[in-house]
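There are 2 protein chains.
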Amino acid sequence: MAEPIVISIDAMGGDNAPEAVIEGVKLASEKQENVFFLLFGDERQIAPLARAKGLPESAYKIYHTDEVIKADEKPSAAVRYGRNSSMWKAIYAVRTGESKAVVSAGNTGAFMAMSKICLGTIAGVDRPALAAMMPTLNPGRPNVMLDLGANAECNATNLVEFSIMGSVFYRLLYKVKNPSVGLLNIGSEETKGREEIREAALILKGNKNKVNYAGFVEGFDINSGKTDVIVSDGFSGNVALKTVEGTSRLIKNLFKEAVHSSFLAKIGFVLALPALLKLKKRMDPRLYNGAMFLGLNGISVKSHGGADALGYSYAVGVAVDLARHDLCEKIRVELEDLILTPESVS
Amino acid sequence: MAEPIVISIDAMGGDNAPEAVIEGVKLASEKQENVFFLLFGDERQIAPLARAKGLPESAYKIYHTDEVIKADEKPSAAVRYGRNSSMWKAIYAVRTGESKAVVSAGNTGAFMAMSKICLGTIAGVDRPALAAMMPTLNPGRPNVMLDLGANAECNATNLVEFSIMGSVFYRLLYKVKNPSVGLLNIGSEETKGREEIREAALILKGNKNKVNYAGFVEGFDINSGKTDVIVSDGFSGNVALKTVEGTSRLIKNLFKEAVHSSFLAKIGFVLALPALLKLKKRMDPRLYNGAMFLGLNGISVKSHGGADALGYSYAVGVAVDLARHDLCEKIRVELEDLILTPESVS
Chain A
3 MAEPIVISID
13 AMGGDNAPEA
23 VIEGVKLASE
33 KQENVFFLLF
43 GDERQIAPLA
53 RAKGLPESAY
63 KIYHTDEVIK
73 ADEKPSAAVR
83 YGRNSSMWKA
93 IYAVRTGESK
103 AVVSAGNTGA
113 FMAMSKICLG
123 TIAGVDRPAL
133 AAMMPTLNPG
143 RPNVMLDLGA
153 NAECNATNLV
163 EFSIMGSVFY
173 RLLYKVKNPS
183 VGLLNIGSEE
193 TKGREEIREA
203 ALILKGNKNK
213 VNYAGFVEGF
223 DINSGKTDVI
233 VSDGFSGNVA
243 LKTVEGTSRL
253 IKNLFKEAVH
263 SSFLAKIGFV
273 LALPALLKLK
283 KRMDPRLYNG
293 AMFLGLNGIS
303 VKSHGGADAL
313 GYSYAVGVAV
323 DLARHDLCEK
333 IRVELEDLIL
343 TPESVS
Chain B
3 MAEPIVISID
13 AMGGDNAPEA
23 VIEGVKLASE
33 KQENVFFLLF
43 GDERQIAPLA
53 RAKGLPESAY
63 KIYHTDEVIK
73 ADEKPSAAVR
83 YGRNSSMWKA
93 IYAVRTGESK
103 AVVSAGNTGA
113 FMAMSKICLG
123 TIAGVDRPAL
133 AAMMPTLNPG
143 RPNVMLDLGA
153 NAECNATNLV
163 EFSIMGSVFY
173 RLLYKVKNPS
183 VGLLNIGSEE
193 TKGREEIREA
203 ALILKGNKNK
213 VNYAGFVEGF
223 DINSGKTDVI
233 VSDGFSGNVA
243 LKTVEGTSRL
253 IKNLFKEAVH
263 SSFLAKIGFV
273 LALPALLKLK
283 KRMDPRLYNG
293 AMFLGLNGIS
303 VKSHGGADAL
313 GYSYAVGVAV
323 DLARHDLCEK
333 IRVELEDLIL
343 TPESVS
């Protein structure tokens with residue numbers, strides 16, 4: 003049997019930690035073969051939970067830590083004073099090579115800052131970026147979008163690097179050979195939008211061997227599946243991600259109101275329930291849980307803070323998949339010989 | 003009887019022009035009292051349509067034009083060569099004072115460029131902005147969001163001016179005394195996001211007599227109704243607007259799939275139909291049609307290009323409402339004595 007893939011778990015991070023985390027690890031361990039977990043956190047809580055949830059003893063090891071990074075801790079303070087926390091120790095195990103990837107549902111800002119400082123960026127990467135999956139009209143083929151908030155401002159080089167990293171990420175996660183990449187803009191014409199985006203487009207056109215660049219995409223393409231990867235600066239990406247969330251919530255609430263508005267509607271709803279549950283599942287944010295901090299010397303996956311066990315298990319699944327396929331090394335190779343001079347427009 | 007409100011109509015602009023336009027004007031004339039329409043475009047088409055749709059002869063006058071701005075015309079070319087078009091002539095009537103507002107469903111870029119050049123900006127306004135209504139959880143109280151794409155990049159002063167213009171616009175359109183204004187950002191903490199946004203926040207805090215500033219809002223607040231007005235640069239605003247569209251479309255399509263997936267679901271759907279139509283109506287983009295180009299010396303309202311008659315009539319309604327309340331003069335007054343020095347943070 004091959005060496006198991008070792009994954010670090012920040013067992014104390016997240017609104018429902020450590021219980022949802024340990025149960026999520028148990029669910030992931032059932033779906034993933036040959037994975038070993040390092041659980042960082044309070045042993046007095048974790049040990050009984052692991053036994054109660056039925057996590058096999060051969061599948062984990064607990065590293066006791068006393069400290070936890072709080073949800074409202076400032077990233078700068080977390081990095082300075084949090085070196086004994088479960089979060090830092092879990093990341094540090096990736097740095098030493100003891101594990102291949104780290105998963106946390108804790109404080110996002112702190113986790114990004116710590117991951118960046120502890121793991122460092124891949125040679126050739128100017129800025130790491132946060133990437134996540136979004137539902138589309140095509141089942142089994144979500145979008146990947148980045149950056150989702152790590153960099154409020156980006157230049158053309160950053161956007162090009164995001165395109166390459168997103169492309170490698172998509173290839174490994176969804177086994178798609180040549181995923182298409184779109185740059186998020188406010189129109190599809192070449193003259194539209196911000197200068198850095200137009201420049202990035204020209205650079206990408208000169209690197210077709212690395213990226214299957216498909217042109218500009220717009221906000222309505224985020225859920226359309228027009229391209230596999232959508233690249234944006236972290237500000238617009240974060241706004242778009244949260245807008246999807248807000249619009250889904252609005253429609254869900256209006257739908258609930260509609261159902262409760264009449265007796266016939268209630269009966270209709272009961273009859274349609276199995277079909278509606280399928281719809282709900284397609285949009286279930288838990289299935290898209292696991293945002294990846296791309297561009298670091300190590301795999302760092304952020305679960306949603308409020309994730310339950312099922313959601314957490316998907317984030318662990320992303321970490322395992324990427325670790326198995328050696329994401330970081332593949333990004334490093336793809337970034338070699340990148341031509342950063344914009345192709346002149348003819 | 004008071005003088006009628008005169009509205010210019012670019013009868014040739016839009017995918018369904020002139021028929022949907024004339025029918026839309028007819029619908030608007032039924033809802034709005036004492037309005038007179040100047041219809042710009044091909045008289046041979048407009049005159050029979052106006053009669054066929056039953057628009058009263060006392061309610062309109064046709065100004066014949068031969069030329070039409072095409073949907074794919076570049077704004078710069080439209081401005082240079084389009085002075086005999088229905089679009090330009092309709093805008094020009096606002097400039098001469100013959101009409102109080104102009105409505106067009108034609109080429110957005112051309113309409114914005116022409117409006118800006120023909121009408122000019124209000125003294126004290128650095129950049130005009132495109133504003134539109136978005137549905138929220140509160141019926142009868144939509145959001146107004148701006149800028150939606152007129153300015154891909156904005157500085158702090160622009161964002162402050164947008165806040166004031168959006169606030170006046172909301173007050174007049176929804177009769178709300180002191181509408182709350184939020185700045186779109188990627189987090190609610192003061193240290194988050196881009197510098198120009200943080201600076202705009204400090205300026206707004208020093209102008210509480212003009213704007214009811216309520217702090218940072220995020221993407222999920224666009225449909226939540228947390229604040230009445232949401233201010234953003236035109237890039238993120240455009241992305242967010244189109245993301246709402248894309249997410250709504252995804253859910254609608256998945257819902258249709260769900261309904262067709264089983265016989266029971268189909269029956270359920272029929273029973274729930276009246277309730278679902280109510281939901282559909284709440285999200286109906288036609289009810290939110292009519293984007294306003296704020297900051298000009300004249301009221302310039304853009305209807306969606308694909309609007310049908312009902313949608314068009316809502317855009318006309320917005321124009322009439324704002325003309326009745328003398329929007330431009332009120333914006334000018336509010337921008338006087340604005341304090342543009344950021345308040346120091348204590």
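Residue numbers (the numbering used here), protein chains in the order written: chain A, 3 to 348; chain B, 3 to 348. Cβ atoms here follow ideal geometry from the backbone N, Cα and C, with glycine treated the same way.
Residue-level contact check: S238 (chain B) touches chain A, since one or more beta carbons of chain A fall below 7 Å from its beta carbon.
None of the residues of the segment 198–209 of chain B has a beta carbon lying less than 7 Å from any beta carbon of chain A. Cβ-Cβ separation between L206 (chain B) and S165 (chain B): approximately 6 Å, consistent with a contact (criterion under 8 Å). In the structure shown, the three-state DSSP call for T245 (chain A) is helix.
Sequence-distant partners of P130 (chain A) (beyond 5 residues in either direction) whose C-beta falls short of 7 Å from its own C-beta, in its chain, are K118, T123, A152, F295, L296, G297 and L298. Counted as a single uninterrupted DSSP element, the alpha helix (DSSP H) harbouring V81 (chain A) occupies residues P77 to Y83. The C-beta separation of D310 (chain A) from G239 (chain A) comes to about 25 Å, leaving the pair out of contact by the 8 Å criterion. Taking the CA atoms as reference points, H327 (chain B) sits about 19 Å from N291 (chain B). Among the residues of the segment 258–270 of chain B, those with a Cβ less than 7 Å away from any Cβ of chain A are A260, V261, S263, S264, L266, A267, I269 and G270, in the order of the chain. Under the Cβ criterion of 7 Å, G122 (chain B) is not counted among the residues facing chain A.
Between N145 (chain B) and chain A, the shortest Cβ-Cβ separation is not below 7 Å. Scanning chain B for C-beta atoms nearer than 7 Å to the C-beta of L278 (chain A) yields A260, reported in chain order. Going by C-alpha positions, G236 (chain A) is about 8 Å away from C156 (chain A).
Taking 7 Å as the cut-off between beta carbons, the residues of the segment 208–230 of chain A near chain B are E220, G221, F222, D223, I224, N225 and S226, in sequence order. For K33 (chain B), the number of other beta carbons within 10 angstroms of its own is below 16, and it is reported as exposed.
Look at K244 (chain B): its C-beta is under 7 Å from a C-beta on chain A. Taking the CA atoms as reference points, M147 (chain A) sits about 10 Å from T229 (chain A).
Rounded to the nearest angstrom, the gap between the Cα atoms of K91 (chain A) and L41 (chain A) is 10 Å. Within the same chain, Cβ atoms closer than 6 Å to the Cβ of F218 (chain B) are found at L185, N187 and S190, the five residues on either side in sequence being excluded. What L281 (chain B) touches in chain A, judged by beta-carbon distance under 7 Å, is L256, F257 and A260, going in chain order.
Partner residues in the beta bridge of S182 (chain A), as assigned by DSSP, are A:N214.
Listed along chain A are L252 and N255, each with a C-beta nearer than 7 Å to that of L139 (chain B).
Here the segment 319–337 of chain A lies against the segment 167–174 of chain A, with 3 or more beta-carbon pairs under 8 Å apart. For I64 (chain A), the secondary structure class from DSSP, reduced to helix, strand or coil, is strand. The beta carbon of R196 (chain B) sits closer than 7 Å to some beta carbon of chain A. In this structure, the CA atom of I9 (chain A) is about 38 Å from the CA atom of N255 (chain A). Here DSSP, grouped into helix, strand and coil, assigns A131 (chain B) to strand. DSSP places N160 (chain B) inside the alpha helix (DSSP H), whose first and last residues are A158 to Y176. Leaving aside the five residues that flank A325 (chain A) on each side, the residues in its chain whose CB is nearer than 6 Å to its CB run, in chain order, I7, K102, A103 and I301. Partner residues in the beta bridge of D12 (chain A), as assigned by DSSP, are A:F42.
Annotation for I232 (chain A): the continuous beta strand (DSSP E) segment containing it runs V231 to V233. Here N225 (chain A) really is in contact with L252 (chain B); their C-beta atoms are around 4 Å apart, less than 8 Å.
Annotation: M14 (chain B) has no Cβ neighbours in chain A at a cutoff of 8 Å; minimum Cβ distance is about 23 Å. Contacts between I71 (chain A) and chain B, judged by CB atoms closer than 9 Å, are missing: the closest CB pair is about 16 Å apart.
B:I199 is the residue among B:I199, B:N109 and B:D339 whose C-alpha sits nearest the C-alpha of T159 (chain B). When DSSP assignments are scanned along the segment 263–323 of chain A, the uninterrupted stretches of alpha helix (DSSP H) that are 4 or more residues long and fall wholly within it turn out to be 265–285.
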